[in-house]
Amino acid sequence: MTAQAIELVRDHLDRINPATVLDDAQRRNFRDRIKALLQARDAVLVAHYYTDPEIQALAEETGGCVADSLEMARFGKEHPASTLIVAGVRFMGETAKILSPEKRVFMPTLEATCSLDLGCPEKAFAEFCDAHPDRTVVVYANTSAAVKARADWVVTSSIAVELIEHLDRQGEKIIWAPDKHLGDYVTRQTGADVLCWDSACIVHEEFKARGVLDLREAYPDAAVLVHPESPQAVVEIADVVGSTSQLIKAAVELPNQTLIVATDRGIFYKMQQLAPGKTFIEAPTAGSGATCRSCAHCPWMAMNGLENMCRVLEDEQGAGQEIFVDPEIARKAMVPLDRMLAFGASLASR
Ligand code: 13P
Ligand code: SF4
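Sequence positions in the sequence shown follow this note's numbering and run 98 to 447.
As structure tokens, then:
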């Protein structure tokens, strides 16, 4: 990451307010109020697998969805509700708004961002693309609307390898941004000609190969599941490398009773629900006494809470947490986003 991007990420991390810790009575109270307000506001809750278990449970109980970033985008676009409450990080809210401009989109807090998004500023990225006009521009969903507007394709980790393979078969040379680990992973998988932007996820970058190997020695029958935003040394140990939804599927389908998981621990809610008899172990990070600022839980995902969600729903104006995207940027970003959805759908129907 550039020094400027590192500074930006640090600055955001210093300003983080995790969601308020609630006692049982407060939790019940907020949950009841949110349920009533979702109905009254014709709103549906769309939550990511990394949000806290109580947010995921509420999305399920109220007919919303808990999903990866690709499915969140698809669900939000197709759902008939006039209002979307997106519990995740900012790029997910922006994507929802771009795909459904007629809907109002709110988030519990617009401060919830992503180090990949911060690590890929629009202007520097545009200069990078301009310097390589012969390359097809593929950006990860974890980017701002303005960066998407500059892209030919948007992609999520669940379809990244397939898309790069597809473009490579057509002889295209590629710019990949912003996650260098995922970019390196798809390059190794496909052999495509990929020029990578240099940014990383502060959560996945913390996983350590040495720690995972030690853990595997302690649990020799365990399978290791790794999200490809992790460093190469960790990916190489994995039995399964995949997006959040692919790791959940593997957790259910693998015969192993114990699973060592290198991704955000929010995913354990869904894994435990779908594979209740199994044991899930968090892959080690640097540890709280060292430099680790995330420790297997995205600090921005953790900002989504019942209290701030309730505040947003109670206020007609969404307590200032409504997503707006410049219409011209949205119009341009819609093109690569639509391509992503169509490509994802074509893979699903194979
Ligand atoms: P998914 O696309 O697998 O949901 O991942 C999003 C993300 O932010 C991973 O860190
Ligand atoms: Fe971004 Fe990493 Fe958080 Fe995912 S886990 S939203 S990539 S900072």
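In this text, a Cβ means the ideal position worked out from N, Cα and C, and glycines have one as well. Because the structure is a prediction, the values reported are computed rather than measured.
query: How do the segment 421 to 434 and the segment 183 to 196 stand: do at least 3 beta-carbon pairs fall below 8 Å, yes or no?
result: yes
Beta-carbon contacts of residue 334 that lie in its chain and below 8 Å, excluding the five residues immediately before and after: As a first step, residue 334 must be located in the sequence shown, where it is residue number 237. Around residue 334: 306, 309, 310, 313, 321 and 323.
field: Beta carbon of residue 141 nearer than 8 Å to that of residue 109
entry: Counting from 1 along the sequence shown, the entry for residue 141 is found at position 44. Counting from 1 along the sequence shown, the entry for residue 109 is found at position 12. No, they are not a contact pair.
task: Indicate whether the contact test is met: 3 or more Cβ pairs, each with one atom in the segment 437 to 446 and one in the segment 149 to 164, closer than 8 Å.
output: Counting Cβ pairs under 8 Å, fewer than three are found: no touch.
- prompt: Regarding residue 241 and the ligand SF4, is the C-beta to nearest heavy atom distance less than 7 Å?
  reply: Looking up residue 241 in the sequence shown gives position 144. Residue 241 Cβ: outside cutoff for every heavy atom of the ligand SF4.
task: Check whether the Cβ atoms of residue 262 and residue 287 lie closer than 8 Å to each other.
output: The residue given as residue 262 occupies position 165 in the sequence shown. The residue given as residue 287 occupies position 190 in the sequence shown. Yes, the Cβ-Cβ distance between residue 262 and residue 287 is below 8 Å.
- prompt: Excluding sequence positions up to five away, which residues of its chain have a Cβ less than 6 Å from the Cβ of residue 203?
  reply: Residue numbering aside, residue 203 sits at position 106 when the sequence shown is read from its first letter. Excluding residues within five positions, the ones whose Cβ falls inside 6 Å are 182, 409, 415, 418 and 419.
message: On the criterion of 16 or more Cβ atoms from any shown chain inside 10 Å, does residue 385 qualify as buried, or is it exposed?
response: Position 288 of the sequence shown holds residue 385. With a pLDDT of 46 at residue 385, under the threshold of 50, the modelled position of that residue is not reliable, and no figure is offered here.
message: Tell me whether residue 324, by its Cβ, gets closer than 7 Å to a heavy atom of the ligand 13P.
response: Counting from 1 along the sequence shown, the entry for residue 324 is found at position 227. Yes, the ligand 13P has a heavy atom inside 7 Å of this Cβ.
- request: Taking residue 359 as part of the beta strand (DSSP E), name the residues at either end of that continuous run.
  value: On the sequence shown, residue 359 is found 262 positions in, with the first residue counted as 1. 355 to 359 is the extent of the beta strand (DSSP E) around residue 359.
- request: Can you give me the start and stop residues for the alpha helix (DSSP H) that residue 226 sits inside?
  value: Here the question's residue 226 lines up with position 129 in the sequence shown. Where residue 226 is concerned, the enclosing alpha helix (DSSP H) stretches over 219 to 227.
task: For residue 366, name the three-state secondary structure that DSSP assigns.
output: The residue you call residue 366 lines up with position 269 of the sequence shown. Residue state, collapsed to three classes: helix.
field: Bridge-paired residues (DSSP) for residue 95
entry: This structure cannot speak to residue 95, because the chain is shown only from 98 to 447.
Environment of the ligand 13P in chain order, Cβ to heavy atom below 5 Å: 165, 166, 253, 254, 340 and 341
- request: Please check the pair residue 184 and residue 144, which I expect to be a contact at CB under 8 Å, by giving their CB distance rounded to whole angstroms.
  value: As a working mapping, residue 184 is identified with position 87 in the sequence shown. As a working mapping, residue 144 is identified with position 47 in the sequence shown. The Cβ separation is near 4 Å, so the contact holds.
message: Can you tell me which residues form a DSSP beta bridge with residue 323?
response: Here residue 323 refers to the residue found at position 226 when the sequence shown is read from its first residue. Paired residues: 338 and 359.
task: Decide yes or no for the touch test of the segment 293 to 306 against the segment 203 to 218: beta carbon pairs closer than 8 Å, at least 3 of them.
output: Output reads yes: the segment 203 to 218 touches the segment 293 to 306.
task: Would you mind sorting residue 117 into buried or exposed? The rule is 16 or more other CB atoms within 10 Å of its CB.
output: In the sequence shown, residue 117 corresponds to position 20, counting from 1. Under this definition residue 117 is an exposed residue.
message: Suppose the cutoff is 7 Å on Cβ atoms and the five residues either side in sequence are ignored; what does the same chain contact list for residue 243 look like?
response: Position 146 of the sequence shown, counted from the start, is the residue given in the question as residue 243. Excluding residues within five positions, the ones whose Cβ falls inside 7 Å are 219 and 426.
message: Quick check: does the Cβ of residue 327 come within less than 7 Å of any heavy atom belonging to the ligand MG?
response: In the structure shown, the ligand MG is absent; the only ligands present are the ligand 13P and the ligand SF4.
task: Look up residue 300 in the DSSP assignment and say whether it is helix, strand or coil.
output: The residue labelled residue 300 in the question sits at position 203 within the sequence shown. Under the three-state reduction of DSSP, residue 300 is assigned to coil, being neither helix nor strand.
message: Report the CB separation of residue 178 from residue 139 in whole angstroms; it is logged as a contact under 8 Å.
response: Within the sequence shown, the letter at position 81 stands for residue 178. Within the sequence shown, the letter at position 42 stands for residue 139. About 5 Å; that satisfies the 8 Å criterion.
CA-to-CA distance, residue 370 to residue 390, given in whole angstroms: Here residue 390 refers to the residue found at position 293 of the sequence shown. Here residue 370 refers to the residue found at position 273 of the sequence shown. For residue 390, the predicted model reports a pLDDT of 48, less than 50, meaning its position is unreliable; a value from the coordinates is still stated below. Residue 390 and residue 370: Cα-Cα distance of roughly 28 Å.
message: By alpha-carbon positions, which one of 433, 405, 413 and 436 ends up nearest to residue 208?
response: For the purposes of this step, residue 208 is identified with residue 111 of the sequence shown, where counting begins at 1. Ranking the options by Cα distance to residue 208, first place goes to 405.
- prompt: What's the call for residue 112, buried or exposed, on a 16-neighbour Cβ count within 10 Å?
  reply: The count along the sequence shown starts at 1 and reaches residue 112 at position 15. Exposed, since its Cβ has fewer than 16 Cβ neighbours within 10 Å.
task: Kindly identify the DSSP beta-bridge partner or partners of residue 201.
output: Translated into positions along the sequence shown, residue 201 becomes position 104. DSSP lists 180 as partners of residue 201.
- request: To the nearest angstrom, report how far apart residue 407 and residue 316 are at their CA atoms.
  value: Residue 407 sits at position 310 when you count from the first residue of the sequence shown. Residue 316 sits at position 219 when you count from the first residue of the sequence shown. Rounded to the nearest angstrom, the two C-alpha atoms are 42 Å apart.
message: Looking at the secondary structure, which residues open and close the beta strand (DSSP E) in which residue 162 lies?
response: As a working mapping, residue 162 is identified with position 65 in the sequence shown. 162 to 164 is the span of the beta strand (DSSP E), which, as asked, contains residue 162.
query: How would you write the range of the beta strand (DSSP E) that residue 425 sits in, first residue to last?
result: Here residue 425 corresponds to residue number 328 of the sequence shown, with the count starting at 1. For residue 425, no beta strand (DSSP E) run applies; the uninterrupted alpha helix (DSSP H) run containing it begins and ends at 424 to 445, by DSSP.
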